[in-house]
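Chains as they are written, first to last, in the numbering used here: chain A, 22 to 339; chain B, -6 to 285.
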């Protein structure tokens, strides 16, 4: 187990190192001149060469690329993550301020997805091809296809009409006012949770059906166990592993999707910071936020793999 | 030709839903191609006498803030969205798949290095990577296509690689090697054809994903720049007002959902046909048939 753990974490570190280099390269090399990226073509053309050099030096962009990269690693090491071009605060401060909201949304959506997806999947697998199964499958196909941000827009619209809903303007943290905080995160959490739940229902249904066909389930039935007990006690634990994996993979979908869903609900989370940084072409903020998303995604998948090894000894010892 | 029709009829009988998906997909492609003939008005022409009108006889789906016809914009949006999605998949999924064939067949150091690259690409959430790339290379149509294509590469690389890995061990491939075929020849003539079926499944599913990413990019204001009508741009336009008009928010989203649904259903059907292990019928058989 320990060897497996070390190897898995090592691989993740190597991957993240590669991720940091690629995002750095995307941000510096592809646009050619970063000043054009920041100021736009016209703004760039209007400046004198001396102005350009001064700004580049101010922003720390005139150093050779390897030096810039090492500086960035140093910034990450110091926990500050570098400064935004347009705002006074460091990226770390932005993350500390906006991150909790987005984290809450992600966790809430995870909870919703399991609470909705798993029972629906079990129900479907209990009576395959019954009417409830058909309804459940139709709904999951539908919720996989509906873009989350659009569903969010519709919910906001409906609440505008019927409840006089207002989009949140300021961040209310969980520890400041739990009730108002919940009002901010609940919409995005449910929307993202339903989409994930659809995948989880689908996956748990097909995995359960597969397991139900195996010999040990027949044995359990043969010795006269009730059907409910057979499914919940014997079949379900064996069907859960792939569902856990897909839940980890889906996190990538949530991290990306939350950017658009936060925009739809007007929630001032990390996704909004990402969108405004991209629009303002604030490359320091973008490169740090992209790295943060990748780090979270990779770490969660390491956790999923480890839980897999913990739940299934066959993986642990191979 | 006759054989193709028989095959299609058999497919539709077994997978009614995906046949419907395929039919709707074809219809949507037709709408995209015939947009100039189907759209009642010019999608870019503003009409200040008819701003923010709800659906009526003159404009069936209403008009937007500057009086452009929503129906025409949805129809032309089909064009942009499908063009972006098809190009991105044709580029990204294809490059990824060819790369996967090479990885699976060649193995060794090339495979090892390629797999690390795929892992790095997969470490980014799709939309985040697409946003970063389209920001870096500018927000035009080609940039958006390129950005979405990059996010599709690792999936092709992973899935097709595993297919190629199992095929390279088959006797007929070995026979090809024994009779002195060059590596490239064996890959192209013996391994590649076997990868076409999984490629089709992958590509169809990726079409749906690409459409959603494109719409999300447009919605966030980093996609194909306005005034080009895309579904995402229209959704972004719709929420600029204090009270968004419902028809502007509703119809482009319906278009996205229907399109994605159609391609997903089609993809499911193709998968069930080509890989029966995953089909419901097989799972039912596994389940012993007692609960049907």
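Even for Gly, the Cβ is constructed at its ideal location relative to N, Cα and C.
Fair warning: this is a prediction, and the values are worked out from it, not measured in the lab.
Run down chain A in chain order and give the residues with a C-beta less than 8 angstroms from the C-beta of residue i.
i                      : result
residue 119 of chain B : 273, 274 and 277
residue 103 of chain B : In chain order: nothing, as chain A lies at least about 17 angstroms away.
Within 10 angstroms of the Cβ of residue i, are there 16 or more other Cβ atoms? Answer buried if so, exposed if not.
i                      : result
residue 66 of chain A  : exposed
residue 314 of chain A : buried
residue 164 of chain A : buried
residue 280 of chain B : Confidence in residue 280 of chain B is poor, its pLDDT being 38 and thus under 50, which makes the residue's placement unreliable; the coordinate value appears in the next sentence. That one is buried.
residue 253 of chain A : exposed
residue 143 of chain B : buried
residue 99 of chain A  : exposed
residue 118 of chain B : buried
residue 279 of chain A : buried
residue 198 of chain A : exposed
residue 187 of chain B : buried
residue 84 of chain A  : exposed
residue 175 of chain B : exposed
residue 129 of chain A : buried
residue 43 of chain A  : buried
residue 220 of chain A : buried
residue 69 of chain A  : exposed
residue 274 of chain B : Reliability fails at residue 274 of chain B, whose pLDDT of 44 lies under 50, so the model's placement of it is uncertain and the value that follows must be treated cautiously. By the neighbour-count rule (16 or more Cβ atoms within 10 Å), residue 274 of chain B is not buried but exposed.
residue 159 of chain B : exposed
residue 112 of chain A : buried
residue 178 of chain A : buried
residue 318 of chain A : buried
residue 101 of chain B : exposed
Thinking just about the alpha-carbon of each residue, which of the options is nearest to the one in residue i?
i                      : options                       : result
residue 241 of chain B : B:57, B:131 and B:13          : B:57
residue 27 of chain A  : A:121, A:323, A:335 and A:332 : A:323
residue 82 of chain B  : B:198, B:264 and B:251        : B:198
residue 71 of chain B  : B:210, B:218, B:204 and B:214 : B:204
residue 32 of chain B  : B:13, B:2 and B:63            : B:63
residue 82 of chain A  : A:334, A:100 and A:104        : A:104
residue 237 of chain B : B:166, B:55, B:36 and B:157   : B:55
residue 45 of chain B  : B:160, B:59 and B:146         : B:59
residue 263 of chain A : A:204, A:328 and A:177        : A:328
residue 260 of chain B : A:261, A:84, A:162 and A:207  : A:162
residue 223 of chain A : A:268, A:255 and A:238        : A:268
residue 171 of chain A : B:228, B:252 and B:195        : B:228
residue 146 of chain B : B:177, B:111 and B:265        : B:111
residue 120 of chain B : B:175, B:8, B:265 and B:216   : B:216
residue 134 of chain A : A:148, A:213, A:257 and A:156 : A:213
residue 195 of chain B : B:9, B:48 and B:89            : B:89
residue 36 of chain B  : B:98, B:223 and B:210         : B:223
residue 234 of chain A : A:149, A:88, A:158 and A:129  : A:149
residue 33 of chain A  : A:332, A:320, A:271 and A:335 : A:320
residue 47 of chain B  : B:231, B:266, B:249 and B:267 : B:231
residue 133 of chain B : B:218, B:108 and B:208        : B:218
residue 184 of chain A : A:196, A:204 and A:117        : A:204
residue 155 of chain A : B:10, B:257 and B:267         : B:10
For a contact meaning CB atoms closer than 9 angstroms, what does residue i contact in chain B?
i                      : result
residue 111 of chain A : Ordered by position in chain B, no residue passes the 9 angstroms Cβ test against residue 111 of chain A, which lies about 20 angstroms from the chain.
residue 77 of chain A  : Under the 9 angstroms cutoff, chain B gives no residues; its nearest Cβ is about 17 angstroms from residue 77 of chain A.
residue 95 of chain A  : Neighbours of residue 95 of chain A on chain B: none; closest Cβ ~22 angstroms, over 9 angstroms.
residue 162 of chain A : 10, 254, 257, 258 and 261
Could you check how far apart the C-beta atoms of residue i and residue j are, in whole angstroms? I think they sit under 8 angstroms.
i                      : j                      : result
residue 25 of chain A  : residue 330 of chain A : 6 angstroms
residue 40 of chain A  : residue 116 of chain B : 5 angstroms
residue 145 of chain A : residue 226 of chain A : 4 angstroms
residue 255 of chain B : residue 67 of chain B  : Wrong, their Cβ atoms sit about 15 angstroms apart, outside the cutoff.
residue 225 of chain B : residue 244 of chain B : Actually they are not in contact, since the Cβ atoms of residue 225 of chain B and residue 244 of chain B sit about 13 angstroms apart, beyond 8 angstroms.
residue 256 of chain A : residue 276 of chain A : Incorrect: roughly 32 angstroms between the Cβ atoms, too far for contact.
Please list, in chain order, the chain B residues whose beta carbon lies closer than 7 angstroms to that of residue i.
i                      : result
residue 180 of chain A : Within 7 angstroms Cβ-Cβ: nothing; residue 180 of chain A doesn't reach chain B, min ~12 angstroms.
residue 44 of chain A  : 125
residue 39 of chain A  : 109 and 113
residue 240 of chain A : Within 7 angstroms Cβ-Cβ: nothing; residue 240 of chain A doesn't reach chain B, min ~13 angstroms.
residue 184 of chain A : Near residue 184 of chain A there are no residues of chain B at all, since even the closest Cβ is about 14 angstroms away, more than 7 angstroms.
residue 36 of chain A  : 112, 113 and 116
Identify the contact partners of residue i in chain A, using a Cβ-Cβ distance below 9 angstroms as the criterion.
i                      : result
residue 249 of chain B : 166, 167, 168 and 171
Whose Cβ in chain A lies nearer than 7 angstroms to the Cβ of residue i?
i                      : result
residue 253 of chain B : 166
residue 232 of chain B : 174
residue 240 of chain B : What residue 240 of chain B touches in chain A: nothing, since even the nearest Cβ is about 11 angstroms away.
Output, in chain order, the set of chain B residues within a Cβ distance shorter than 8 angstroms of residue i.
i                      : result
residue 284 of chain A : 212 and 213
Decide if the region 88 to 96 of chain A is in contact with the region 237 to 250 of chain A; the criterion is three or more beta carbon pairs, one per stretch, under 8 angstroms apart.
Taking a contact to require three or more Cβ pairs closer than 8 angstroms, the region 88 to 96 of chain A and the region 237 to 250 of chain A do not qualify as touching.
ask   = Does the region 71 to 80 of chain B touch the region 21 to 34 of chain B, meaning 3 or more C-beta pairs lie closer than 8 angstroms?
value = Touching, yes, given that three or more Cβ pairs across the two stretches are closer than 8 angstroms.
*Quick check: the region 135 to 152 of chain A against the region 302 to 318 of chain A, are there 3 or more CB pairs under 8 angstroms?*
no
Review point. Do three or more CB pairs link the region 284 to 293 of chain A to the region 93 to 102 of chain B at distances below 8 angstroms?
Key: Touching, no.
Report yes or no: do the region 165 to 184 of chain B and the region 200 to 216 of chain B share at least 3 C-beta pairs separated by less than 8 angstroms? no
Discussion item. Is it the case that the region 132 to 139 of chain B contacts the region 155 to 169 of chain B, given that we only count it when at least three CB pairs across the two stretches are under 8 angstroms?
Written reply: no
| task | Examine the Cβ distances between the region 296 to 303 of chain A and the region 123 to 130 of chain B and report whether three or more of them are shorter than 8 angstroms. | result | Here the region 296 to 303 of chain A lies against the region 123 to 130 of chain B, with 3 or more beta-carbon pairs under 8 angstroms apart.
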